[in-house]
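In my numbering, the protein residues as written are 137 to 636.
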Ligand code: NAD
């Protein structure tokens, strides 16, 4: 089981207890606003439940409608701005975020829980997304077509209109910037709905745009637990870009109807296949990083480890060693490599996953119960947990856990592994560990996943390469997430026959 990093933790925690609660507001048009009925919700530090990090408006239908109306009002002028004007604003917002990255990373640790090194990486990568999308404002090219009818037939790219951006908490800046950046670069106006777990991070991102001089109403923000549903239900929203759970994605898909655009980036049950010829030390590192980084709270995190029977026990032993080396604690305490889970409900969910897997015939070889030693009891800590003899088709083998609980299954060679890996309803990320490049190529060709890694962890992204899944991991618009076709979702094509 992981250990509490104790050095300095006592004094640091007592500092956190008295740290200020951030009062976050909606941003609607040119005003900062509370919910009209005054309702709020609060967010507590996942490493210390006594610490209230932020309080934000619980926006009602009217608040959300006001934000959508502000976005609609601003659309006409914003879509007619020059590419340079849009690119300049994105670049300024990017620079402000880069300057503020250290402070934002510290706040991210307190609000979201990830270790400081991970928060720092996210806070410094987000400005780069905006830089990239600033350039996209200049690259909205159309096409000309030879025609028998008129001398000139051409297509243009227009903004979609008012775009709703709805995001999860696990990358509260990065994922939102990947949506807001291209939406604004294309000339859309936005209503952004951050996760209720990370309202402060949503505010920090939006404030950078406001401070960069973004005209009123171009980027609005509404907070709340129910605000996402209100936003999707507002038919004056032209497009919804959503990243989150499969269950919420299903609801949005059902609500959106014909005539409005939707992009869903959902969860996965990401497999790692380890063949008998793999370098087992390297494979163990791939499995541990894929499964336990960000406390298993990554959409591309690995949950199913499909290992050739010949090397199964040796690999399990190595991964257990790696799992036991994680040090649990608050993300800003020295030496901590694993932060808390997002909330107490997630801890209870991990306990249920373990109990269900055991009832289904699996056995725990590492972890298995909440970590409550000393000051860990103040937070939502659960150690790396490994189950073996997980049966194919059982809940742990087929459904997303979104935490540090993983299952090993024995397979007999590549064909069996592929069949088993492809038997689930998700298809986000997958990895294979092998020295046999023919096997790797076969896996890359036949695994049902939007992203495939060979001898690399399932997690991570290149911000200029397409990101997303197949099957129930999304709407299949993944080529429009990052990569060269990112602007397709945020633009509509118009074909013009120009007569004389
Ligand atoms: P979630 O689905 O609970 O919430 C996501 C967002 O949707 C939040 O802002 C939430 O307030 C909002 N929401 C909730 N109900 C809504 C409704 N009915 N209509 C509209 N919006 C609604 O997900 P989460 O717990 O925040 O995030 C974890 C999930 O996100 C995991 O399943 C993970 O795999 C997935 N995820 C996917 C990717 C990807 O790129 N594929 C990346 C990160 C996370």
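For glycine and all other residues, C-beta sits at the position ideal for the given N, C-alpha and C.
Tell me, to the nearest whole angstrom, how far the beta carbon of residue 479 is from that of residue 245; I am working on the premise that it is less than 8 angstroms.
-> With 8 angstroms as the limit, residue 479 and residue 245 do not qualify as a contact, their Cβ atoms being about 16 angstroms apart.
Look at the alpha carbon of residue 399 and the alpha carbon of residue 604, and state the distance between them as a whole number of angstroms.
-> 11 angstroms
Is the stretch 234-245 in contact with the stretch 400-410, if contact means three or more CB pairs nearer than 8 angstroms?
-> no
Continuous alpha helix (DSSP H) assignments of at least 4 residues falling wholly in the stretch 349-429 | 363-369, 382-392, 416-428
For residue 598, which option in 389, 268, 405 has the closest C-alpha, if you only look at C-alpha atoms?
-> 268
Pairwise C-alpha distance: residue 160 and residue 528 | 46 angstroms
Residue 533: which of 560, 374, 169 sits nearest, CA to CA?
-> 560
DSSP state of residue 333, grouped into three classes?
-> coil
Residue range of the beta strand (DSSP E) that residue 181 falls in?
-> 176-181
Under the DSSP definition of a beta bridge, which residues are partnered with residue 279?
-> 291
Would you please state the rounded distance, in angstroms, between the beta carbons of residue 183 and residue 475? I believe it to be under 8 angstroms.
-> 7 angstroms
Where does residue 249 land, buried or exposed, given buried means 16+ other C-beta within 10 angstroms?
-> buried
Decide yes or no for the touch test of the stretch 372-392 against the stretch 345-353: beta carbon pairs closer than 8 angstroms, at least 3 of them.
-> no
May I have the straight-line CA-CA distance separating residue 430 from residue 307, to the nearest angstrom?
-> 10 angstroms
Own chain residues within Cβ distance below 7 angstroms of residue 629, not counting five before or after | 291, 293
In or out: residue 258 buried (at least 16 other Cβ within 10 Å) or exposed?
-> buried
If you measure from the CB of residue 252, is any heavy atom of the ligand NAD nearer than 7 angstroms?
-> no
According to DSSP, is residue 620 helix, strand or coil?
-> coil
Inter-residue spacing [alpha-carbon to alpha-carbon] between residue 390 and residue 365 = 11 angstroms
Under 7 angstroms from any heavy atom of the ligand NAD, does the C-beta of residue 536 make it?
-> yes
What is the DSSP secondary structure of residue 143, reduced to helix, strand or coil?
-> No answer about residue 143 holds up, because its pLDDT of 35 lies below 50 and its placement is not dependable.
Can you say whether residue 143 is buried or exposed, counting buried as having 16 or more other CB atoms within 10 angstroms of its CB?
-> Bear in mind that a pLDDT of 35 at residue 143, under 50, signals an unreliable position, so the model cannot answer this.
Where the alpha helix (DSSP H) containing residue 492 begins and where it ends = 480-495
According to the Cβ coordinates, are residue 374 and residue 317 closer than 8 angstroms?
-> no
Whole alpha helix (DSSP H) runs in the stretch 208-288 with 4 or more residues, listed along the chain?
-> 219-247, 252-272
What's the gap between the Cα of residue 273 and the Cα of residue 441?
-> 42 angstroms
Relative to the alpha-carbon of residue 551, which residue among 271, 412, 418, 600 has its alpha-carbon at the smallest distance?
-> 412
Are at least three pairs of beta-carbons, each pair with one atom in the stretch 201-220 and one in the stretch 326-345, less than 8 angstroms apart?
-> yes
Contact between the stretch 192-201 and the stretch 167-178: three or more CB pairs below 8 angstroms?
-> yes
In three-state DSSP terms, what is residue 191?
-> strand
Any chance the CB of residue 466 is under 7 angstroms from a heavy atom of the ligand NAD?
-> no
Okay, do the stretch 577-596 and the stretch 405-420 touch, 3+ Cβ pairs below 8 angstroms being the bar?
-> yes
Limits of the alpha helix (DSSP H) - the one that residue 310 falls within | 310-321
Hey, would you say residue 443 sits closer than 8 angstroms to residue 544, going by beta carbons?
-> yes
Is it the case that the CB of residue 365 approaches a heavy atom of the ligand NAD more closely than 7 angstroms?
-> yes
If you draw a straight line from the alpha carbon of residue 573 to that of residue 414, how long is it in whole angstroms?
-> 11 angstroms
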